[in-house]
Structures are given as structure tokens and as C-alpha cells.
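Visitor:
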Amino acid sequence: MVRTACINVYHYFLQILLRREKTWWNDACVVVTEDVPSGLVIDANGNARRLGVRPGMRFAAALSLAPFLRAGVVPPEEKKIADRTVLETLYTMTPEIEPCEFTPGVFRLDVGGINLMFSSPEAWAEKCRESVTNVGFRCRVALGSTRVATYIAAQTRRDVTIFPSRESETATVDAAPIAVLPVEPRVRERLTALGVRTVAAFCALPAGGVRMRFGEQTAAVYSFLADERDVPIKTYEPERESRYELGCAFVVRNRELLEPYFDRLLERLRLDLERAAETVTRLEMSLITEDGGVLREDVKPARPSRDISFLTKLLRLRLESVEIGTGVVRCALKAETAPVTMHQGQLFRERPRRDRAGAVAAISLLRARFGNDCVGRFVPRDEHLPDESAVWERLERPPDPGSPPDTACAPSTTRRAPLVRRIFAEPVPLASSVLRVGEFNDQTRDDGMRDDGTCPRVGPYIVSGRWWADEYLREYYYLETLDGRVLWVFHDGIRDRWMLQGFLE
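Using our numbering, the first residue of the sequence shown is number 38, and each one after it goes up by one.
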């Protein structure tokens, strides 16, 4: 009985590369991890293999065998686009589809019920091959009752394979060579040296020993082959279009006239949010101007929201600060979403001292009006220099009530009154005639004050480090002025100058 299918887009990375470089079909070409001599060859076409090039070689070694070899890298983004293309194509054949975890270009499908739509399994398989070919990929199709047999058949046989019985599937698995498994060449060599030459012999190995001796990748392949449980295939959910566009009836040069257009876009977004049970985490507003330019603005609520009236208010606040220039001819809205989370109800209603919902709304409104970086906090860093001991970090949302504080921000258990220093973002230079090494005691009067209006110094407190790059050597002092202020100064031993770091309060 046919229950599962396997689609193998063979030489997957090579096909992705040749879709991009269409003039390379008749040349010797390879896919490499990096376009450098030390890069590894991932796959090679027939012309390159006839010259001796094999996967696993260094790119430099492959060039020594084929001087006119063409090579390219397939970035993760390009592979992701190819995955989505194949998945959306196969989704028209069955909704239960998932990519293989350890072999790129291999997809498993649940084909239960295809007899209701197609005259035979052969007709379904041919239609499947045709659909994948139409989007630019070549593939093999195998149908059967077990996932292991269909996987091996899709790797080793051509075009379409349909198993007539469970016995034929077992015979195919037992006779399959170890070379069909997606393991590293060195692992394959070690298995061959141990006498493991078939898939059946590989499945007979102890599971714990496979992981310990050959690593996680080989263990994942072993788990797939040796696990006889009928693991259900996940239902593929095609990506929903999250960009909404609307053309303006005329060139809009007034910001207020743009509001109705975004109201219509948000209404379309609301319908999609309800259907998909999602909330908005970020909105990207785009304004296409008459001269062809694009103005983009981000709006991020402090927590995911599906309140369209609140999102409308945030967008209008952001519009107030946008200069639309020559006029807008088209509006666009792109939404980043997240699934709706359900919160457990409470038996007793709490009345917290602080209104968390109000804080979230306030942060969102401030961001919409002044930008996403306007709300943040200072986070301590493990640095000796005072002006580098904290960094400004964007605050995405208010901290949860009752959550433990950050380790760096946790209050000290030592009962000691801390010094409160108001420091400058960058130290301010001081006149060298006022603060000069060796003149503090000479200028001190009988009443303990100096002629320049300061008390004798308290210090030095030496801070030094970073000798390997941007070295610093500072001698810190506290000076009290006649009006009671305490200056926090230091002498820069590297540049021989006095600087004002801040004040003590």
C-alpha cells in the first residue's frame, strides 16, 4: 500500500548554482563552501568529475586537475528561496510535506488519499515530477509504504519508482550500498574499513557507538534509518504574504491625506491576523515618492499587538515626523508577526502598584513619535574606565514584574553607601595651568584652600590597562571647590593632560 513518497532534487546545490549561472551548463563547474583556495568542494557536475574532481577536495586541488574549472558559492539565503519554491510547488500535490533534516534537496510527503484525485500512483508521481521540473529543478520520485525504502530509491534509481510490496522495499534497503548515505567521506572510509558496506549492516550497529565514534551528523542518519516507528509528516504551512500595497489616486503632498490609505492597509492586515491567529511585532511603512525614491520608517510596539486602533495611532505619530518631499504616489506596509499566546486566567484579580499595560503603551507611543532608539536603559559593562562602564541598550519592553534583575544590575549585599558620580559622556579637557602635577601643596593656604579655589587633592587612584590596543593610564583625584562641589578629575599619563571626568554628588 502506498503511504509515503520521497522527492529527491538530486545535486541540489549544483542545480541552484546553475539556475543562477545559466551559461555554465556545458562547463566543468563545482559548488564550494568558500570561493578561496582552501574552500571545500560540495558538489561537482559530470564534466568536472570526468577530470577527476570529487566532493570533499580542496578548491586548490580541484583547480590543479581542471584549470578552467568554474566555481560558485550557494549562500543560505539562496538555498532558502529554493526550498520555498520546491515546497510551495509540492504543496499543490499534498499538504503533508517536510524537508529532510540531513540531506538538502530531499522532501518527504504523505500521499494518503491520492487515489481520490489521480487515477494511479504513477499518474501522481509523473505530475509531481512535471511540477518540480516546471520551476527549474530536476528530481526523482519514489513511492512506497516505508520512509527508508523510498529515501534510498530516490537516491539510487532514476525518474519514478513505485514499490509493489513490502518485501521489495526490504530487499532494496538490504542491498543498498553505504555510499548512498549522506555522511562525510572520512566516516564512509572508516565504516568501509570496519566491514560496513551496506545500509543493512549500518543499521545493525549499536546506536550509542555510532554517536560516540562518528559524530552527530552520522547519528542523525542512523536514527532516521533504524527507527521503525511511523513518524507522521508535518503539515507544511506556506508563508503568508505580509506586505500590503496601495496606489494613491493622485500625488499626495500632505501627510494627513496619507492616513486613509494606511487605514485601508491596516484593515487588510487585520483580516489576515484574525485568520492566522497572529499578532504584530513590527511594522515597516514605505512611501514611494514621485521621483522614484522610497521612504521607510519602522514602528515597533513594546509588545506584540493586534489592536488595530492602537497600531493606527502609532503609524499616525510616525507620519507626523516624515518629510514626504516631492509627494507620495504609492503606500506600502510590511508586517512582522508572531503567534498569539494564550495566558492562563487568575482566580483572584491582582491590582499591581504599577500599570504594566500603561507602560507598554507609553513606550510604544514614544517610539512612534521619536524613533525606536529613544527608549532604553544603561547596562553595566565589565570595564575599568568610567566612561565605558555602561552602554545604552534599546529597551524592547518593560521588564516582567517579579522577574529577577540582571546580574550586573543586582544590588550589592555590602552595606556601604555608594558614591554617586555624574560623569560626562566623554571627559572634558581642563586648563593645565590650574591642575599641574606638584603644584597642589605649593598653592595651599593656611585655611586649607588653594589659590585656584580648590582643596588639596585626594588621590591618586590609578587605572591602567589595554596595553595591546589603545593603552590608557589614568590617575584619578577628587577636588572640592569653594562652593562645595567635588570635581572628579584624572591625569592622562599617556597624553600628559588633565581631564574632568565628572562631579561627585
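Beta carbons: idealized from backbone N, C-alpha and C, even for Gly.
Could you please give the first and the last residue of the uninterrupted beta strand (DSSP E) stretch that includes S323?
Guide: Along the sequence shown, one-based indexing puts residue 323 at 286. S323 -> beta strand (DSSP E) spans 315-326.
Visitor: Which whole-angstrom value is the C-beta distance of L541 and Y509, which I expect to be below 8 Å?
Guide: As a first step, residue 541 must be located in the sequence shown, where it is residue number 504. As a first step, residue 509 must be located in the sequence shown, where it is residue number 472. Contact between L541 and Y509 is absent: CB atoms are separated by about 21 Å, not below the 8 Å threshold.
Visitor: Using a Cβ-Cβ cutoff of less than 7 Å, which residues in the same chain neighbour P92 once the five nearest sequence positions on both sides are dropped?
Guide: Within the sequence shown, numbered from 1, the residue matching residue 92 stands at position 55. Correct list, in chain order: V78, I79, D80, A81.
Visitor: Whole angstroms is fine: what's the gap from G284's alpha carbon to L54's?
Guide: Start at 1 with the first residue of the sequence shown, and residue 284 comes out as number 247. Start at 1 with the first residue of the sequence shown, and residue 54 comes out as number 17. Roughly 37 Å separates the two Cα atoms.
Visitor: Are at least three pairs of beta-carbons, each pair with one atom in the region 353-367 and one in the region 303-311, less than 8 Å apart?
Guide: As far as the Cβ criterion goes, the region 353-367 does not touch the region 303-311, which means the pair count is below three.
Visitor: What residue range does the alpha helix (DSSP H) around D54 cover?
Guide: In the sequence shown, counting from the first residue as 1, residue 54 sits at position 17. Checking the sequence shown, residue 54 turns out to be Leu, not Asp. Segment 49-57, the alpha helix (DSSP H) holding L54.
Visitor: Between E425, W61, V185, which lies nearest to T237 when the distance is taken from Cα to Cα?
Guide: Within the sequence shown, the letter at position 200 stands for residue 237. What sits at residue 237 in the sequence shown is Ala, not Thr. Ranking E425, W61, V185 by Cα distance to A237 puts V185 first.
Visitor: Give me the Cβ distance between Q192 and V172, rounded to the nearest whole Å; I'm assuming they're in contact under 8 Å.
Guide: What you label residue 192 is simply residue 155 of the sequence shown in a count that begins at 1. What you label residue 172 is simply residue 135 of the sequence shown in a count that begins at 1. That pair is no contact at about 21 Å.
Visitor: Could you name the residues that DSSP lists as bridge partners for L303?
Guide: Translated into the one-based positions of the sequence shown, residue 303 becomes position 266. In DSSP, L303 forms no bridge with anything.
Visitor: Enumerate in chain order the residues of its own chain whose CB-to-CB distance from D529 is below 7 Å, with the five nearest sequence positions on each side excluded.
Guide: Against the sequence shown, residue 529 aligns to sequence position 492. Its chain contains R511, M536 as the residues whose beta carbon lies nearer than 7 Å to that of D529, once the 5 sequence neighbours on both sides are disregarded; these appear in chain order.
Visitor: Between the alpha carbons of G413 and E167, how many angstroms are there, rounded?
Guide: Taking the first residue of the sequence shown as position 1, residue 413 is located at position 376. Taking the first residue of the sequence shown as position 1, residue 167 is located at position 130. Rounded to the nearest angstrom, the two C-alpha atoms are 54 Å apart.
Visitor: Taking its Cβ as the centre, do 16 or more other Cβ atoms sit within 10 Å of T129, making it buried, or is it exposed?
Guide: One-based indexing of the sequence shown puts residue 129 at position 92. The residue in question, T129, is exposed, as its Cβ has fewer than 16 Cβ neighbours within 10 Å.
Visitor: Sort out for me which residues DSSP pairs L537 with in a bridge.
Guide: Here residue 537 corresponds to residue number 500 of the sequence shown, with the count starting at 1. L537 pairs with V465, V526.
Visitor: Checking the sheet assignment: what are the DSSP bridge partners for N45?
Guide: Position 8 of the sequence shown, counted from the start, is the residue given in the question as residue 45. The partner list for N45 (beta bridge, DSSP) reads V143, R177.
Visitor: Taking Cβ to Cβ, would you say A398 is nearer than 8 Å to V416?
Guide: To locate residue 398, count along the sequence shown from 1; it is residue 361. To locate residue 416, count along the sequence shown from 1; it is residue 379. Cβ atoms of A398 and V416: not closer than 8 Å.
Visitor: Kindly identify the DSSP beta-bridge partner or partners of W61.
Guide: As a first step, residue 61 is located in the sequence shown; it is residue number 24 there, counting from the start. In the DSSP output, where bridge partners are listed per residue, W61 has none listed.
Visitor: Determine, using beta-carbon pairs with one atom in the region 40-50 and one in the region 144-153, whether at least three such pairs fall under 8 Å.
Guide: Yes, they touch.
Visitor: Need the endpoints of the beta strand (DSSP E) that K371 sits in, please.
Guide: Residue 371 sits at position 334 when you count from the first residue of the sequence shown. Run containing K371: 365-376, per the beta strand (DSSP E) assignment.
Visitor: S401 and L432: beta carbons closer than 8 Å?
Guide: By 1-based counting over the sequence shown, the position of residue 401 is 364. By 1-based counting over the sequence shown, the position of residue 432 is 395. Annotated as distal: S401 and L432, with beta-carbon spacing of 8 Å or more.
Visitor: Is it buried or exposed for A190, if we count other Cβ within 10 angstroms and need 16 for buried?
Guide: As a first step, residue 190 is located in the sequence shown; it is residue number 153 there, counting from the start. The residue in question, A190, is buried, as its Cβ has 16 or more Cβ neighbours within 10 Å.
Visitor: I199 and L180: beta carbons closer than 8 Å?
Guide: As a first step, residue 199 must be located in the sequence shown, where it is residue number 162. As a first step, residue 180 must be located in the sequence shown, where it is residue number 143. In contact: I199 and L180 (Cβ atoms closer than 8 Å).
Visitor: With distances taken Cα to Cα, identify the nearest neighbour of D507 among R305, P466, L422, T518.
Guide: Stepping through the sequence shown from its first residue, residue 507 is reached at position 470. Checking every option, the nearest Cα to that of D507 belongs to L422.
Visitor: Tell me which residues share the same chain as L302 and place their Cβ nearer than 7 Å to its Cβ, disregarding the 5 neighbours each side in the sequence.
Guide: Against the sequence shown, residue 302 aligns to sequence position 265. Only Y281, L283, C368, L370 meet the Cβ criterion.
Visitor: Please go through the same chain and pick out, in chain order, the residues whose beta-carbon is closer than 7 Å to the beta-carbon of D64, but skip the five residues on each side of it.
Guide: As a first step, residue 64 must be located in the sequence shown, where it is residue number 27. Closer than 7 Å at the Cβ level, and outside the excluded window around D64, lie N84, R107.
Visitor: Between F239 and V233, what straight-line distance do the alpha-carbon atoms span, to the nearest angstrom?
Guide: Taking the sequence shown and counting its residues from 1, the one referred to as residue 239 is at position 202. Taking the sequence shown and counting its residues from 1, the one referred to as residue 233 is at position 196. So the alpha carbons of these two residues sit roughly 6 Å apart.
Visitor: Beta carbon of R225, beta carbon of Y47: below 8 Å?
Guide: For the purposes of this step, residue 225 is taken as residue 188 along the sequence shown, with counting starting at 1. For the purposes of this step, residue 47 is taken as residue 10 along the sequence shown, with counting starting at 1. In this structure, Y47 does not lie closer than 8 Å to R225 by Cβ.
Visitor: Near E163, what residues of its chain come up, given a Cβ to Cβ distance below 7 Å and the 5 sequence neighbours on each side ignored?
Guide: Here residue 163 refers to the residue found at position 126 of the sequence shown. Excluding positions up to five away in sequence, the list reads V197.
Visitor: Go through its chain and collect everything with a Cβ distance to S469's Cβ below 8 Å, but skip five positions before and after it.
Guide: By 1-based counting over the sequence shown, the position of residue 469 is 432. Low confidence applies here, because S469 scores a pLDDT of 45, under 50, leaving its location unreliable; read the following figure in that light. These residues qualify, in order along the chain: R534, W535.
Visitor: Drop a sphere of 10 angstroms on the beta-carbon of A99, count the other beta-carbons inside from all chains shown, and report buried for 16 or more, exposed for fewer.
Guide: On the sequence shown, residue 99 is found 62 positions in, with the first residue counted as 1. Buried, since its Cβ has 16 or more Cβ neighbours within 10 Å.
Visitor: With which residues is T107 paired in a DSSP beta bridge?
Guide: By one-based count along the sequence shown, residue 107 stands at place 70. It is worth fixing the name first, because residue 107 is Arg in this sequence and not Thr. Under the DSSP definition of a beta bridge, R107 partners with C66.
Visitor: Hey, would you say R418 sits closer than 8 Å to G539, going by beta carbons?
Guide: Here residue 418 is taken as the residue at index 381 of the sequence shown, counted from 1. Here residue 539 is taken as the residue at index 502 of the sequence shown, counted from 1. It is not a contact, given that the beta carbons lie outside the stated cut-off.
Visitor: Thinking F50 and P141 are a contact (beta carbons under 8 Å), I'd like their distance in whole angstroms, please.
Guide: Counting from 1 along the sequence shown, the entry for residue 50 is found at position 13. Counting from 1 along the sequence shown, the entry for residue 141 is found at position 104. Sure, about 7 Å apart at Cβ, within 8 Å.
Visitor: What is the residue span of the alpha helix (DSSP H) that A256 lies within?
Guide: Within the sequence shown, numbered from 1, the residue matching residue 256 stands at position 219. It spans 253-263 - the alpha helix (DSSP H) in which A256 sits, taken as one unbroken run.
Visitor: Any idea if F527 is buried or exposed, counting beta-carbon neighbours within 10 angstroms, 16 or more meaning buried?
Guide: Taking the sequence shown and counting its residues from 1, one reaches residue 527 at position 490. Buried: at least 16 other Cβ atoms inside 10 Å.
Visitor: Applying the criterion that 16 or more other CB atoms from any shown protein chain within 10 Å of the CB defines a buried residue, is P464 buried or exposed?
Guide: Locating residue 464 in the sequence shown gives position 427, where the first residue counts as 1. Its Cβ being crowded by 16 or more others within 10 Å, P464 is buried.
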